[in-house]
Structure formats: structure tokens, C-alpha cells
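Chains S and X, in that order, give the protein sequences.
Just so you know, my numbering puts 48 at position 48 of the first sequence, and the rest follows in order with no gaps.
Just so you know, my numbering puts 126 at position 126 of the second sequence, and the rest follows in order with no gaps.
The beta carbon of each residue, even a glycine, is placed where N, CA and C say it ideally should be.
These numbers come from a predicted model, not from an experiment.
Notes follow the structure.
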Amino acid sequence: MRLFLITYLLLLFVSEAQAQNGNNYLEVITNTSLNFNCNSPETLENDQTINGAITIRVRSRNNNCSVYAKLSSYTGPSGYMAFPYPIQLVYTSTNSSRAYGIVNAPLSLTTSDQLIFRQYSSNSVFNYYYNLRLKALGYTYPIGQYSFTILYTMTQP
Amino acid sequence: MRLLLSAILLLLSCAAMAQSKSFNGSSSGTIGVYSVLSINFTNLTGVISFNTPNDYFNGITVNNSATIAVKSNVNWQVSVASQSATFTPMSMGASADMPSSILAIRRNGYTSFTPLSVNGQTLKTGNRGPATTNGNTFDIDTRLDPGFSYSGGNYILGVVFTLTQQ
């Protein structure tokens, strides 16, 4: 009994350690402030892009992985139309030699997970670079302050 | 009993190992939307000339003399005023006291004209939206009626259209 209990605890520890250690992880680096200002006709009528806004660093040593993005929270002034939320994630490049299934088209974020890329297992850490785009709001969004949080999730089978 | 408990513990361990794993990260940002109002004035009329006695008897009305296009993300109003209380004479002998009120403006399709003064008067209100929003682009009519009280000559008057948030 003691042996099985020790085995069980060890297995649990190993399982937990696999989720936390440096072999498998997702890191999101915000390279600049993700703030947009709409204060002129030009900024309301045209898309705004923050170039090099986000770097996603991935290490997936134990298995292949899939990475998803979604809006985990968003706020706006009274009367604003939540959807379609006007934020897009725009893939630009990667240094990964193990990537596949990269979504190249601008991705309009929703509250549901949407695949942005997959990667085969590898010992290396790879970077994926993204721009952040605000679609032209036009003249119908109420004035005020909007905020959003993008959640990135890496899953392994 | 021990064996059964051990088997359950092992199964739980295997289940813990078999479940898929996920790793999260996030980034946050803001969007600041401020009041934006824009007005575009397209003048469709050049110099208005008084050439016949009837022009002086009746005055001259120019329909659709200008087009005003508003784009705004807040509800808006356009007011109109003259830059000065009197016309500026531009030729020898022209009167220096011709008041701005002999120039009147109305929205096209309406009957009554508003004589101009240096005090702003509301010409139109509207809702937020681009210039294509119903009511955000409209024409104005102009009327000049100096009568016979002022000397012939060339005159000029500045007219100011002001777009503000309601």
C-alpha cells in the first residue's frame, strides 16, 4: 500500500511538473502598448495597425501543440456594439522550423478560441510575430474608452 | 481491500497523466474613441449679380447654392453667422453700411429664410454617422435682398458655418 501511495504521489508530481516546467510553455510578449486612439476622421475611417505588437514564444517538447486566441474580456461605453469586435490578430512571421497550420489571414477575434498555428514537438523555443489591427470604427461607435484582453492558449493532446 | 484501493489510485494516476494539457498567456489593450466632427462645404455659386430692376424689387434667390456634408460620431448641429455686421464694400462708391441681414439662408426644401447676423443661428441638427447618413448631407438656398437703399458696387461678406456637438 505504501509503495502504491508513493507511486501515485510521484506520478501526480510528474504530471504537474510537466505542465509547469520549461519543457512546455507558452509566453506572450507585448512589445509595445496595445492602445489605439480614434481622434480624427482619418483614424475613424481607416484601419490602424500596431506593427510588431505581440510575440508568442512556444516550447512544446513533449508533444505537438496547437495555439488558439480569443477575447477573454472586453468592455466599452454604454450602448456600444460588442460584435463584431473590431480587433484583428495579423500573423507576420516566425522563426519556427516546426510550425504548420499557420493562419495567415487576419483573424477577427471573438470570444471563442480560434486556431492561430500548430507546431510539431521540438526541443527549441520558437517565436511567432503578430501585428494588432483595429478595424476602421466609422462614425457609429459611441465615444469613450474600450478595453480588451486577448487570451492565448496552447494545448497538447 | 488494499489491492482495490491501490488499483483505484493507479487508475487516477493514469488519468492524470492522460489528460490534455494547456498553457495560457494574455495581452491587453485599449481603444480610445473621442468626439470627431467634420464639415465639408461645397460652394456651388459664384458671384451673385443684380442686373435688372426686378432683381432689386424682388431680391435674388439661389436654390442649392451650396452643399454641406457632415460626418460625426456624436449628434451634431450646424449654425451659421456672418463674420461682420455689414458687407465690406469692394468698389468705389459702394455703401459701407449694408447689413449682413440682407443675406439670408435656408435649408433647401424649406420656406423661411434666416437673415444672417454675427450671432450664430442653428441651421440644422443631425445624428452621428458618416456623410451618407440620412440628413448628414444637405443643400442650402441663399437669398439676397438689398432693396434700393444701397449704392451699386461690389460687396463681400464672410459667412461662417460652425459644426458643434449637441
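Straight-line spacing of the CA atoms in E27 of chain S and G25 of chain X works out to 6 Å. Judged by beta-carbon spacing, M98 of chain X lies within the 8 Å limit of P146 of chain X, meaning their Cβ atoms are closer than that value.
Here DSSP, grouped into helix, strand and coil, assigns S100 of chain X to helix. Only S22, F23, N24, G25, S26, S27, S28, G29, T30, I31, G32, V33, Y34, S35, V36, S38 from the stretch 22-53 of chain X bring a Cβ to less than 8 Å from some Cβ of chain S. Contact with chain X is found for P41 of chain S, since one of that chain's Cβ atoms lies less than 8 Å from the residue's Cβ. Excluding its 5 nearest sequence neighbours in each direction, N75 of chain X has C-beta neighbours in its own chain below 8 Å: T125, G126, N127, R128, Q165, Q166, listed in chain order. Listed along chain S, the residues sitting closer than 9 Å to N73 of chain X by beta-carbon distance are C38, L44, L137, G138, Y139, T140, Y141, P142, I143.
Close to chain S, meaning a Cβ-Cβ distance shorter than 8 Å, are the following residues of the stretch 113-132 of chain X: R128, G129, P130.
N24 of chain S counts as buried, since no fewer than 16 other beta carbons sit within 10 angstroms of its beta carbon.
Boundaries of the beta strand (DSSP E) around D139 of chain X: 137-144. Scanning X:S72, X:N51, X:V80 for the CA closest to the CA of F113 of chain X turns up X:V80. Distance from R118 of chain S to S66 of chain S at the Cβ level is roughly 5 Å; contact confirmed, criterion being Cβ atoms closer than 8 Å.
The Cβ neighbour count for T155 of chain S, taken over all protein chains shown within 10 Å, is at least 16; the residue is labelled buried. Interface flag for I150 of chain S against chain X is set, since a Cβ pair is found closer than 8 Å. DSSP places L89 of chain S inside the beta strand (DSSP E), whose first and last residues are 87-94. When DSSP states are grouped into helix, strand and coil, P53 of chain X belongs to the helix group. At a cut-off of 8 Å between beta-carbon atoms, M154 of chain S makes contact with chain X. The C-beta distance from I150 of chain S to L44 of chain S rounds to 23 Å, too long to meet the 8 Å contact threshold.
A straight-line Cα-Cα distance of about 15 Å links I48 of chain X and F57 of chain X.
Residue nearest to L134 of chain S within the set S:M81, S:I87, S:V58 is S:I87 (criterion: CA-CA distance). The beta carbon of F83 of chain S sits closer than 8 Å to the beta carbons of T110 from its chain, once the five residues preceding and following it are set aside; these are given in chain order.
Under the three-state reduction of DSSP, L137 of chain S is assigned to coil, being neither helix nor strand.
With contacts defined by Cβ atoms closer than 8 Å, G158 of chain X and S82 of chain X form a contacting pair.
Measuring C-alpha to C-alpha distances from T137 of chain X to each of X:S95, X:A66, X:F50 identifies X:A66 as the nearest. The distance from the Cβ of G79 of chain S to that of P142 of chain S is about 5 Å, consistent with a contact at the 8 Å cut-off.
Counting C-beta atoms within 10 angstroms of its own C-beta, V118 of chain X has fewer than 16 neighbours from the protein chains shown and is therefore classed as exposed.
If you check each beta-carbon in the stretch 117-130 of chain S against every beta-carbon of chain X, none falls closer than 8 Å.
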